[in-house]
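Colleague:
4 protein chains.
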Amino acid sequence: MIRPLPLALALLVAAPAAAQQIPGPYGPTVTLAQAERAIDAARAEAARRGFTMSFAVVDPAGELISFEKMDGTQNGSTEVALAKARSSARFRRPTKAWSDQVAAGRTAVLSLPGMIAIEGGLPMLANGRVMGALGVSGGTSEEDGQVAAVGLAALR
Amino acid sequence: MIRPLPLALALLVAAPAAAQQIPGPYGPTVTLAQAERAIDAARAEAARRGFTMSFAVVDPAGELISFEKMDGTQNGSTEVALAKARSSARFRRPTKAWSDQVAAGRTAVLSLPGMIAIEGGLPMLANGRVMGALGVSGGTSEEDGQVAAVGLAALR
Amino acid sequence: MIRPLPLALALLVAAPAAAQQIPGPYGPTVTLAQAERAIDAARAEAARRGFTMSFAVVDPAGELISFEKMDGTQNGSTEVALAKARSSARFRRPTKAWSDQVAAGRTAVLSLPGMIAIEGGLPMLANGRVMGALGVSGGTSEEDGQVAAVGLAALR
Amino acid sequence: MIRPLPLALALLVAAPAAAQQIPGPYGPTVTLAQAERAIDAARAEAARRGFTMSFAVVDPAGELISFEKMDGTQNGSTEVALAKARSSARFRRPTKAWSDQVAAGRTAVLSLPGMIAIEGGLPMLANGRVMGALGVSGGTSEEDGQVAAVGLAALR
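Listed in order, the protein sequences are those of chains A, B, C and D.
The first sequence lines up with residues 1 to 156 when you count with the working numbering.
The second sequence lines up with residues 1 to 156 when you count with the working numbering.
The third sequence lines up with residues 1 to 156 when you count with the working numbering.
The fourth sequence lines up with residues 1 to 156 when you count with the working numbering.
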């Protein structure tokens with residue numbers, strides 16, 4: 001059973017339009033214990049569904065706090081998971097907000113330094129403030145996004 | 001009340017077609033005092049409108065002269081403000097000239113190294129010559145462009 | 001007249017041995033207003049002594065908050081000032097702690113990524129906690145260190 | 001009580017001369033489970049001794065498998081822990097082998113790309129073959145080396 005997402009997160013995940021709104025400010029930095037809890041939940045979900053994936057948690061500056069690569073994961077996913085986490089933290093929005101913009105024709109955002117327009121990166125929120133971000137890579141972008149959401153739900 | 005833009009700047013901001021023309025040559029480099037004046041004006045405008053933004057001023061080679069990040073600005077805007085300023089100085093045109101080209105279907109310009117196709121970077125002109133550039137990031141691309149224009153107007 | 005340094009800072013600057021001790025934890029991030037105050041004081045001191053210098057203030061992760069390059073400063077000092085600030089913030093000690101180690105024969109520290117072993121970078125402290133760092137470059141390393149100390153004294 | 005080191009590791013740690021010998025070939029890659037076990041043991045030892053440290057485990061190519069940064073660790077230790085692990089894996093020897101060489105006057109090794117000459121990186125061995133490496137940073141180089149050795153001992 002997957003626990004329901006927090007409301008703010010659900011909005012971020014479900015509504016591309018929300019990403020157009022002003023993103024929340026930074027709050028206290030995610031702790032290692034929180035990072036591990038999110039990665040453990042995401043990895044368990046990936047294992048349950050038979051995926052091989054990489055997971056990265058970063059602080060608001062994009063500094064690495066915790067990382068895990070499941071055995072057998074494609075090596076390219078290391079940099080992708082890191083980039084998704086960093087982009088989510090540094091731009092305070094899900095990476096899907098950018099892929100939605102590209103899909104809607106705003107191709108020019110691809111020139112933004114530090115941005116990755118592939119679903120699977122989600123800001124980690126506490127009381128509406130961004131305390132870090134989780135990046136997942138290894139499946140389709142939709143699968144990456146679903147697994148990342150399960151990881152964040154573990155912080156409820 | 002926002003002061004009227006200088007004529008040359010107004011053309012650059014208002015008319016995408018102008019960017020297709022041959023950009024002016026380089027002139028004397030912007031001084032630190034001028035850079036600070038532009039950033040101070042841009043920051044005051046950002047504060048007035050409730051934005052959190054980063055500001056960068058560079059010389060004609062894209063070398064950094066002055067930078068400020070307002071408290072609470074998303075970290076990703078640091079690199080974006082720098083990239084907008086550098087792109088404007090090194091290609092001697094507003095970054096909006098590039099986003100207009102991408103919007104018009106000329107996607108291939110995204111492969112240009114050192115170019116960012118997001119509004120918010122403006123060349124700083126003196127007597128028609130490019131003496132540096134100002135880059136702004138933190139709001140929507142339109143807001144970034146408006147705040148950058150206020151910054152440049154302070155150099156009149 | 002130069003104001004006396006805060007005690008903790010004086011220890012950091014004066015006593016290489018202090019750098020061997022466990023550095024303090026990170027505290028709240030330096031604000032833009034504090035960064036500007038430190039840079040203004042350092043720049044005034046540099047001007048008074050006839051130096052041309054660059055100044056950078058970063059947060060605990062080494063993220064840029066404010067930067068100024070005085071007119072006529074060698075371009076190489078841009079990266080050096082940034083590197084000194086980042087090294088001081090990320091390793092929570094003055095860059096002189098590293099140059100002292102090299103001078104004492106511990107050459108191997110030169111292989112540390114993100115470290116610069118040249119005086120002129122100082123952590124910015126509040127209640128014993130590192131809230132960022134100031135890097136200065138453009139003079140001799142001793143001059144850079146003296147000017148940086150004047151910048152930090154402005155935060156008293 | 002600290003468990004005795006495996007014989008091969010003890011040789012690597014205790015005898016700088018051993019590093020001059022031809023290092024062993026690569027074997028099967030360390031698994032995520034093994035990486036986590038080593039990091040958990042190292043982190044417990046660091047906590048026991050009151051250190052704040054970062055830990056990285058990489059495969060024989062230096063590709064990241066697992067990473068953890070303890071709360072409060074200096075940010076500079078992220079890159080240092082990664083560099084120690086990569087250097088150990090790619091050169092198949094403890095990073096102390098290089099610092100010993102520098103200390104003995106062979107300064108030129110500092111020009112080796114991908115090498116870090118600071119204790120705290122150890123190859124992870126299975127049946128005499130290098131399956132990856134563990135890098136630790138945050139204390140003195142000696143402390144980093146001791147904590148890394150405890151991490152490796154957990155793989156016995």
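For each residue, glycine too, the CB sits at the ideal point set by N, CA and C.
Keep in mind it's a predicted model, so treat the numbers as computed, not measured.
For a contact defined as C-beta to C-beta under 9 Å, what are the partners of A:A61 on chain C?
Modeller: Going along chain C in sequence order, the residues near A:A61 (Cβ under 9 Å) are D59, P60, A61, G62, E63.
Colleague: Report the neighbours of B:K96 on chain C: residues whose CB is nearer than 7 Å to its CB, in chain order.
Modeller: Simply none; closest approach about 25 Å.
Colleague: Identify the contact partners of A:T31 in chain D, using a Cβ-Cβ distance below 8 Å as the criterion.
Modeller: Within chain D, the residues near A:T31 are D71.
Colleague: Starting from the C-beta of D:G114, find all residues in its chain whose C-beta is less than 7 Å away, skip the five residues before and the five after it, and write them out in chain order.
Modeller: So the qualifying residues of the chain are R86, S87, R90.
Colleague: In three-state terms, what does DSSP make of D:V58?
Modeller: Reduced to three states, the DSSP call for D:V58 is strand.
Colleague: Kindly indicate which residue of C:A44, C:R92, C:E68, C:Q101 has the alpha-carbon position closest to the one of B:A35.
Modeller: Checking every option, the nearest Cα to that of B:A35 belongs to C:E68.
Colleague: When you compare the CB of A:F91 with every CB in chain B, is at least one pair closer than 7 Å?
Modeller: At least one chain B Cβ lies under 7 Å of A:F91.
Colleague: For D:E142, count neighbouring C-beta atoms within 10 Å of its own C-beta (all shown protein chains included) and say buried if the count is 16 or more, exposed if not.
Modeller: It is exposed - the Cβ of D:E142 has fewer than 16 other Cβ atoms within 10 Å.
Colleague: Return the residues of the stretch 101-128 of chain D that lie within a Cβ-Cβ distance of less than 8 Å from chain C, sorted by chain order.
Modeller: Per Cβ criterion, the list reads V102, A103, T107, L110, M115, I116, A117, I118.
Colleague: Under a CB-based cut-off of 7 Å, is D:T78 close to chain A?
Modeller: Output row for D:T78: interface = yes.
Colleague: Could you tell me the boundaries of the beta strand (DSSP E) in which B:G135 lies?
Modeller: Note, B:G135: beta strand (DSSP E), 129-137.
Colleague: For A:E119, which option in A:L32, A:G62, A:L134, A:V30 has the closest C-alpha, if you only look at C-alpha atoms?
Modeller: It is A:L134.
Colleague: Enumerate in chain order the residues of its own chain whose CB-to-CB distance from C:I65 is below 7 Å, with the five nearest sequence positions on each side excluded.
Modeller: Excluding residues within five positions, the ones whose Cβ falls inside 7 Å are V30, L32, A35, V57, V58, D59, G132.
Colleague: What does DSSP give as the partner residues of C:S111 in its beta bridges?
Modeller: Answer is none; C:S111 lacks a bridge partner.
Colleague: For my contact list, B:G145 and B:A38 are in at a C-beta cut-off of 8 Å; report their separation, rounded to the angstrom.
Modeller: Not really, about 14 Å apart at Cβ, beyond 8 Å.
Colleague: Taking the alpha-carbon positions, what's the C:S99 to C:A117 distance?
Modeller: About 4 Å.
Colleague: Report buried or exposed for B:N127, applying the criterion of at least 16 other Cβ atoms within 10 angstroms of its Cβ.
Modeller: Answer is exposed; the Cβ neighbour count stays below 16.
Colleague: Using a Cβ-Cβ cutoff of less than 6 Å, which residues in the same chain neighbour C:A15 once the five nearest sequence positions on both sides are dropped?
Modeller: Note on C:A15: pLDDT 37, under 50, position unreliable in the model; the coordinate value appears next. Here the set comprises nothing.
Colleague: Please report the residue range of the alpha helix (DSSP H) in which C:I39 lies.
Modeller: From DSSP, the alpha helix (DSSP H) with C:I39 extends over 32-48.
Colleague: Listing by chain order, which chain C residues have their CB less than 7 Å from the CB of B:F51?
Modeller: Neighbours of B:F51 on chain C: none; closest Cβ ~14 Å, over 7 Å.
Colleague: Rounded to whole angstroms, what's the CA-CA distance from B:G50 to D:S54? Just pull it up for me.
Modeller: Their Cα atoms are separated by approximately 38 Å.
Colleague: How big is the Cα-Cα spacing for A:V80 and A:G139?
Modeller: So the two alpha carbons sit approximately 11 Å from each other.
Colleague: In the DSSP assignment, find the beta strand (DSSP E) that holds A:A126 and state where it starts and stops.
Modeller: Per DSSP, A:A126 belongs to the beta strand (DSSP E) from 121-126.
Colleague: Name the chain B residues that come within less than 7 Å of C:E68, Cβ to Cβ?
Modeller: Chain B residues near C:E68: L32, S66.
Colleague: Report the partner residues of B:K69 according to the DSSP bridge assignment.
Modeller: Beta-bridge pairing links B:K69 to B:S54.
Colleague: Less than 7 Å separating the beta-carbons of A:L125 and A:A148?
Modeller: Not a contact, by the Cβ cut-off of 7 Å.
Colleague: Helix, strand or coil: how does DSSP classify B:L155 here?
Modeller: Coil, per DSSP.
Colleague: Going by the CB atoms, is the gap between B:A154 and B:A83 shorter than 7 Å?
Modeller: Not closer than 7 Å, so no.
Colleague: For C:A108 and D:A104, I'd like the C-alpha separation in whole angstroms.
Modeller: Roughly 11 Å between the two C-alpha positions.
Colleague: What do you get for B:G62, buried or exposed, if any count of 16 or more other CB atoms within 10 angstroms of its CB means buried?
Modeller: Buried: at least 16 other Cβ atoms inside 10 Å.
Colleague: Taking B:A41 as the query, report the chain A residues whose CB atoms sit under 9 Å from its CB, ordered along the chain.
Modeller: Here the premise fails: no neighbours, minimum Cβ distance about 22 Å.
Colleague: Since D:R86 is in the alpha helix (DSSP H), which residue starts that stretch and which ends it?
Modeller: Segment 76-90, the alpha helix (DSSP H) holding D:R86.
Colleague: Residues in its own chain within less than 8 Å of A:M1 by CB, not counting five upstream and five downstream?
Modeller: Confidence in A:M1 is poor, its pLDDT being 31 and thus under 50, which makes the residue's placement unreliable; the coordinate value appears in the next sentence. Taken in chain order, the list of residues that qualify is empty.
Colleague: Kindly indicate if chain B contains any beta-carbon less than 7 Å away from that of A:P28.
Modeller: False, the Cβ-Cβ gap to chain B never drops below 7 Å.
Colleague: Could you give the distance in angstroms between the alpha-carbon of D:G24 and the alpha-carbon of A:A46?
Modeller: Straight-line Cα distance between these residues: approximately 35 Å.
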